[in-house]
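Going by our numbering, the first residue of the sequence shown is number 150, and it counts up by one from there. We put the CB at the ideal spot given by N, CA and C, even for glycine. All values derive from a computational prediction rather than experimental measurement. To keep things clear, I will list the structure first and then write my remarks on it.
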Amino acid sequence: MLRDVLCGQIPLVLRSEVYAAASMIGAAVFLILQQFTEKPGATMLISALVILTIRLLAIKYKVSLPTFRFHKATGNEQAQKSR
């Protein structure tokens, strides 16, 4: 991620891929399971499987997240904004 930022690129995990979203969902599952079970190994395994399942399903069904597209305002748009 640091390499991408230093190169002036959007980091791979923040692009339309489902990396970050799957990780956040897996972290939420981990925190929820941690409250209800005393077995840390099972909690970690289930959370990892949730992340892997989301990621594989996203690849299989070509699911991606929406991305922000920045476009430069033309001269006419800038003039209208300044009014």
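Give me the Cα-Cα distance between residue i and residue j, rounded to the nearest whole angstrom.
i, j, result
"Lys188", "Leu182", "9 Å"
"Leu180", "Ile195", "11 Å"
"Leu163", "Lys209", "20 Å"
"His220", "Gln184", "45 Å"
Of the residues the options, which one's Cα is nearest the Cα of residue i?
i, options, result
"Pro215", "Ala170, Gly157, Ile200", "Ala170"
"Ile200", "Cys156, Ile174, Leu155", "Ile174"
"Leu205", "Ile159, Ser172, Gly157", "Ser172"
What is the DSSP secondary structure of residue i, reduced to helix, strand or coil?
i, result
"Arg152", "helix"
"Thr186", "coil"
"Lys221", "coil"
Give me, in chain order, the residues of the same chain whose beta-carbon lies closer than 8 Å to that of residue i; leave out the 5 immediate sequence neighbours on both sides.
i, result
"Leu161", "Met150, Asp153, Tyr168"
"Lys211", "none"
"Ser213", "Ser165, Glu166, Val167, Ala207"
Report all residues from its chain with a CB closer than 7 Å to the CB of residue i; omit the five preceding and five following residues, and keep chain order.
i, result
"Thr186", "Thr192"
Against chain C, does residue i count as a neighbour if the rule is that its beta carbon must be under 9 Å from one of theirs?
i, result
"Arg218", "Given the protein chain composition of this structure (a single chain), no chain C is represented."
Excluding the five sequence neighbours on either side, which residues of its own chain have a C-beta within less than 6 Å of the C-beta of residue i, listed in chain order?
i, result
"Glu166", "none"
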